[in-house]
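Residue numbers (the working numbering), protein chains in the order written: chain A, 1 to 329; chain B, 330 to 658; chain C, 659 to 987; chain D, 988 to 1316. Heads up, the beta-carbon is just placed ideally off N, CA and C, and yes, glycines get one too. Model, not experiment: these values are computed from the prediction. Before any comments, here is the structure.
4 protein chains.
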Amino acid sequence: MTMQVALFGAGRIGKIHAGNVVRQPDVALRCVIDVDAAAAQALAAQHGAHVATADAAFADKAIGAVVIGSSTDTHADLMERAARAGKAIFCEKPVDLDAGRARACADVVQRAGVVCMIGFQRRFDPTFAALKDRLVAGEIGDPEMLVVTSRDPGAPPVEYLKRSGGIFRDMLIHDFDVFRWILDDDAATVYATGSVLTDPAVGTVGDVDSTAVAIRTKKGRLALINTTRRAAYGYDQRFEVLGSKGMLQAGNHKPTEVTAATAASVSQDKPEHFFLERYRAAYAIEMAHFFDAVAHGKPVRTTIADGVAALELADAATTSWREKRIVEL
Amino acid sequence: MTMQVALFGAGRIGKIHAGNVVRQPDVALRCVIDVDAAAAQALAAQHGAHVATADAAFADKAIGAVVIGSSTDTHADLMERAARAGKAIFCEKPVDLDAGRARACADVVQRAGVVCMIGFQRRFDPTFAALKDRLVAGEIGDPEMLVVTSRDPGAPPVEYLKRSGGIFRDMLIHDFDVFRWILDDDAATVYATGSVLTDPAVGTVGDVDSTAVAIRTKKGRLALINTTRRAAYGYDQRFEVLGSKGMLQAGNHKPTEVTAATAASVSQDKPEHFFLERYRAAYAIEMAHFFDAVAHGKPVRTTIADGVAALELADAATTSWREKRIVEL
Amino acid sequence: MTMQVALFGAGRIGKIHAGNVVRQPDVALRCVIDVDAAAAQALAAQHGAHVATADAAFADKAIGAVVIGSSTDTHADLMERAARAGKAIFCEKPVDLDAGRARACADVVQRAGVVCMIGFQRRFDPTFAALKDRLVAGEIGDPEMLVVTSRDPGAPPVEYLKRSGGIFRDMLIHDFDVFRWILDDDAATVYATGSVLTDPAVGTVGDVDSTAVAIRTKKGRLALINTTRRAAYGYDQRFEVLGSKGMLQAGNHKPTEVTAATAASVSQDKPEHFFLERYRAAYAIEMAHFFDAVAHGKPVRTTIADGVAALELADAATTSWREKRIVEL
Amino acid sequence: MTMQVALFGAGRIGKIHAGNVVRQPDVALRCVIDVDAAAAQALAAQHGAHVATADAAFADKAIGAVVIGSSTDTHADLMERAARAGKAIFCEKPVDLDAGRARACADVVQRAGVVCMIGFQRRFDPTFAALKDRLVAGEIGDPEMLVVTSRDPGAPPVEYLKRSGGIFRDMLIHDFDVFRWILDDDAATVYATGSVLTDPAVGTVGDVDSTAVAIRTKKGRLALINTTRRAAYGYDQRFEVLGSKGMLQAGNHKPTEVTAATAASVSQDKPEHFFLERYRAAYAIEMAHFFDAVAHGKPVRTTIADGVAALELADAATTSWREKRIVEL
């Protein structure tokens, strides 16, 4: 039987998800919900769906799953309503900007017993996932150190930053999830520092654009994360794991494999420009994973508990940075 | 108005094309034709099309375009029938194994005035196409030399080889097309040599599995092509162009960007395994290119004349190898 | 006139320096001093020098320069005696394990007005030095972030570790010097953490074998250093600088440029095995730099003040790690 | 006992050899012979040698070995005189531009029974030699195909070209030697073509600046060589061997391992500029190999027979190019 899906959010990420939803076998996009009626209408029309309200969607017995790609402040409410309506949930990160609210939401979802997956798409990236598989297979022995480099090609508008929860919750939440996933370990202590280096406007809203984080895990492993909002050469998404028997590195993807040798240098393409390009495959694979889990009762790779845990790390990092102290967890 | 398409061939390449046909906007797969009824039925069902005979397809006024992925010996006939029926044509390479037959077919097609594109998918590969664009843009000045490396991961069955037309027509035809496309020049002399190095059975059917070709063009440029049916490390598809101001190289694509450093070495993935993986994007882009050309009256990048020219080069190389002499064109 | 040199220390590093001393134009190795008489004799004989005592060497008016490669606990005394004797000084790092003693030594040396250079050879490595030159030339704008990866192929014996001053003073002192040199900036705060992950014996002498350090500079830049005593794949010496206009990375050197593609993977050589191989060129260049500075009154690139500053950073890191707190400088 | 050496030629390559001669243990440079008295004097003075005439050098019983780096037209005569005087011989390639003359010289040398080594330094390059060792060790099974890329950064003056013997004898002789050495096989047929693409002046002296060569060996292996006098990006010296179990590639060496990522691209250094830089290590290793062979009666890796064989291949290629035909050997 075909699974009918309601999509919340017809913006940039909503469009990506819509395309991936309709590509799944035995899955149909039934309706699109967005405060921007025109956007909802356009996206619905493109995929043979209709526009709906949230109320109508939750009341629609035919709908078996919701995909939530609307603004962050709607996530927890929509997840709770979906859970109570017995619908499977795919929701973009973060669960909420407030950890308490996120935990409450997770309680509701878990009590409802519905499938719930948070969109940490990096775990589905072919390069990242292959690295994880090889690590688990023991190729480099026990992991000892993790170095994450996570750099955006340019900062979002200051208006966005104001409502973002700060760089640790908005941007590093992905890196904290990668940290937990790769090391399969929890932070014992977190130290975070940051600076405004790319644009003074970032500082005017009480945020930073460049960060350095050092984590020591319960098992004594070490992790270092460095991020910036502005890397002139594009979207830089790398990490490396040192283990007792070697090192695994996840490198950037390039648009092409052209090399140019000239009188000046030997050069290759810059990394894929930004997350929509870099994680195109990851977004497709995570959606297939979600519907496969829903259809066959399999566990999801990125649970709401993972969403809460990453948020708690982001909170700890924010506190460490603000209060200039080491935070114990 | 939606363009209705008939697909000839429900085998490996037919399935690829079917998936790409249905992904085009305003294009629908109407029917599938294959001597293997079950295969035709399965592919048609998957894409909401029906099974048809060739006669029915050519007679169907609703059909505006045909995609031909059936066996080589059917290509020329099907193209001629499609041309006479006024349908746009996308046909897999080669036009025919016999150059005379191919030229005759090209005449029919050209007189009919229909859009006709031959499936030299490499011209649509993102890496190859980017290299070509940069070459045309003058990044390395005038091209002087081309070195093509084209290696399959393993030989097809000897039964296939018997009917293949020989390695120069079956395998190097792609490389000859790349040569013509990249240099935008014609061969003046061709020298080809070959050996049976991977499997003695290849020799029993009068073919070789390893070749080396040297071409001098009308403009005095030099090209070297090396091929093998069996590269132990996978599908190796590279070329490099030396120009007066530098060099452009098209490298292999890898499944992931994982690097492993161990006590033994620092290693990366092998190339994508074979053509279906390596040229997945190319197949999608060429089909979009075809329907865009049909819809908007644009020229196609790979004409039937290109198909004939590549075949003539393959014939020249075959003669050079068989007769141990330099062939002038 | 030929500069006559006294070499203190005929061990591993002493041999390297001896070879580089005798290769300088207008420089001669006059004598070798070592508590191990046989080692001194062998090295002296190899280079046409004689064995001497420290007293004799300092009293020898013909000697214009000393090269100190003896054990760490002798450095400060020998430098002070050399300074008082008016001889130019090249001394291996560190100045001393005690920062107070190091500062006192620096005072003596500076008052004496002799040329004094500390052996931070990494500043002379062709790759590192080229990166620094390009950074200074503005190729990536203003530096914002530095990530240093510094991994040894294996830990020294525990007996050595006992007298080493701890990993921050023994091993990271090089990384702290690189940090200061590359960013041309000073640390405002230092956070260091560490673990015993490679060998429990390291913990028994109160040391760690794996460290993570986060520094915020006076100008608000961020630096992250990660080190281990044991990288299974060899000596890993990399760093990268993110700037406002791009990134510069210094990669490892490999013994050869052979690539092997097999059914398993595509692999290259591991990095050069250890510091004697990796920094062979650097040791030669630093010695040439020293004698050039002595001969022509040029400033040295690595002063005793640099040696003291790196030691102070090592002390701060040690305190941060031991006391689990952020240290302000 | 110290081996006394006479060096013929105080030019560019003579200086390289002089530096490497004096670095050998138990070897001394006794005299330098050059028609340019000032050059001979300067080089002799630098290394504590004296200037001599050829007659004096050959008559000097103390001299055990000669190193010949003078102009090509002197090689055969000097080797014959040295052989008759019973001195070990190291001679730069080629033996002579005339194969008959080279064979006659080889006869004289072989009858004299002296050690004689021809300076095909590429066989001593660390990357090339490591590849050969791994090939011999069976890492990629039986070799099947060889692709050699050999490109100079710029053409020598036309005056030089006139006396060079043509590009096949002057430049490709190295590549022919690499071909013989790597495959350990002989050419059965040679096809060569060429063009004047970089500078019309090259054509005025009856030569070409760009070549493509295809060789089929006695064992049926295939080899392709491409060369140019002018690669805008520098000295390009690569080759790859395809074997039954994989591929080995020898890549270019770079001056540094710096990578720069900017808004334009991700770039690395160009290859080492020219042969003096690229083969610095090779020149040192080949000289050590020579004196080791002389001292211990070991065979040399590059015999005068190798020199003759490479010349015969160069002749065959020249004939193939001039007469536009396939040459059988």
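In the DSSP annotation of this structure, the continuous segment of the alpha helix (DSSP H) that includes Gln41(A) starts and ends at Ala37 to Gln46. In the DSSP assignment, Val1008(D) falls within the alpha helix (DSSP H) that extends over Arg999 to Val1009.
Think of a sphere of 7 Å around the beta carbon of Ala613(B): no beta carbon from chain C falls inside it, the nearest being about 26 Å out. Counted as a single uninterrupted DSSP element, the stretch harbouring Ile1313(D) is not any alpha helix (DSSP H), since DSSP gives it neither H nor E. Rounded to the nearest angstrom, the Cβ distance from Thr527(B) to Asp538(B) is 5 Å, consistent with a contact under 8 Å.
Near chain C, meaning a CB-to-CB distance below 8 Å, the residues of the region 1224–1249 of chain D are Lys1232, Gly1233, Met1234, Leu1235, Gln1236, Ala1237, Gly1238, Asn1239, His1240, Pro1242, Thr1243, Glu1244, Val1245, Thr1246, Ala1247, Ala1248 and Thr1249.
Less than 8 Å separates the beta-carbon of Asp865(C) from that of Ile825(C). Taking the Cα of Ala613(B) as reference, the smallest distance to any Cα among Gly448(B), Gly338(B), Val487(B) and Asp425(B) is reached at Gly448(B). Annotation: Cβ neighbours of Arg134(A) in chain B (cutoff 9 Å, chain order): Val587 and Ala589. Taking C-beta separations shorter than 8 Å and ignoring five residues to either side along the sequence, the partners of Phe1166(D) in its chain run Leu1133, Val1135, Ala1174, Ile1202, Ala1210, Ile1212 and Leu1300, following chain order. CA-to-CA, the gap between Ala762(C) and Ile726(C) works out to about 18 Å. No Cβ-Cβ contact shorter than 8 Å links Arg1216(D) with His1161(D).
Only those residues of the region 767–796 of chain C whose C-beta falls short of 8 Å from the nearest C-beta of chain D are listed: Pro784, Thr785, Ala788, Leu789 and Arg792. Residue environment analysis places Ala381(B) among the buried positions, since at least 16 neighbouring C-beta atoms fall within 10 angstroms of its C-beta. A straight line joining the alpha-carbon of Ala870(C) with that of Val327(A) spans about 16 Å.
For Phe826(C), no beta strand (DSSP E) run applies; the uninterrupted alpha helix (DSSP H) run containing it begins and ends at Ile825 to Asp828, by DSSP. In the DSSP annotation of this structure, the continuous segment of the beta strand (DSSP E) that includes Ile726(C) starts and ends at Ile721 to Ile726. Straight across, the Cα-Cα distance linking Val848(C) with Ala788(C) is about 27 Å. Looking at Pro423(B), Gln439(B), Asp427(B) and Gly429(B), the one whose alpha-carbon comes closest to that of Ala411(B) is Gln439(B). Straight-line measurement puts the Cα of Phe1045(D) at about 15 Å from the Cα of Ser1057(D).
In this structure, Thr302(A) is the residue among Thr302(A), Val35(A) and Ser320(A) with its C-alpha nearest to the C-alpha of Pro94(A). Within the region 280–307 of chain A, complete alpha helix (DSSP H) segments of at least 4 residues are found at 280–296, given in chain order. Cβ-Cβ separation between Pro255(A) and Asp269(A): approximately 5 Å, consistent with a contact (criterion under 8 Å). Going by C-alpha positions, Lys132(A) is about 21 Å away from Arg151(A). The three-state secondary structure of Ala6(A), taken from DSSP, is strand. The alpha-carbon of Pro811(C) is positioned some 6 Å away from that of Ala890(C).
Per DSSP, Glu606(B) lies in no beta strand (DSSP E); the unbroken alpha helix (DSSP H) holding it starts and ends at Phe604 to Arg607. Interface criterion met: the Cβ of Val595(B) is under 8 Å from a Cβ in chain C. In terms of Cβ geometry, Met446(B) and Ala639(B) do not form a close pair [threshold 8 Å]. A straight line joining the alpha-carbon of Val351(B) with that of Ala357(B) spans about 6 Å.
By the 16-neighbour rule on beta-carbons within 10 angstroms, Pro929(C) is buried. Spanning the alpha carbons of Pro1286(D) and Val1101(D) requires a straight line of approximately 11 Å.
Per DSSP, reduced to three states, the secondary structure at Val1177(D) is strand. The alpha-carbon separation between Met990(D) and Gly1035(D) amounts to approximately 15 Å.
Taking 8 Å as the threshold, the shortest C-beta distance from Ser210(A) to chain C falls below it. Taking 8 Å as the cut-off, the Cβ atoms of Thr862(C) and Lys1232(D) do not count as close.
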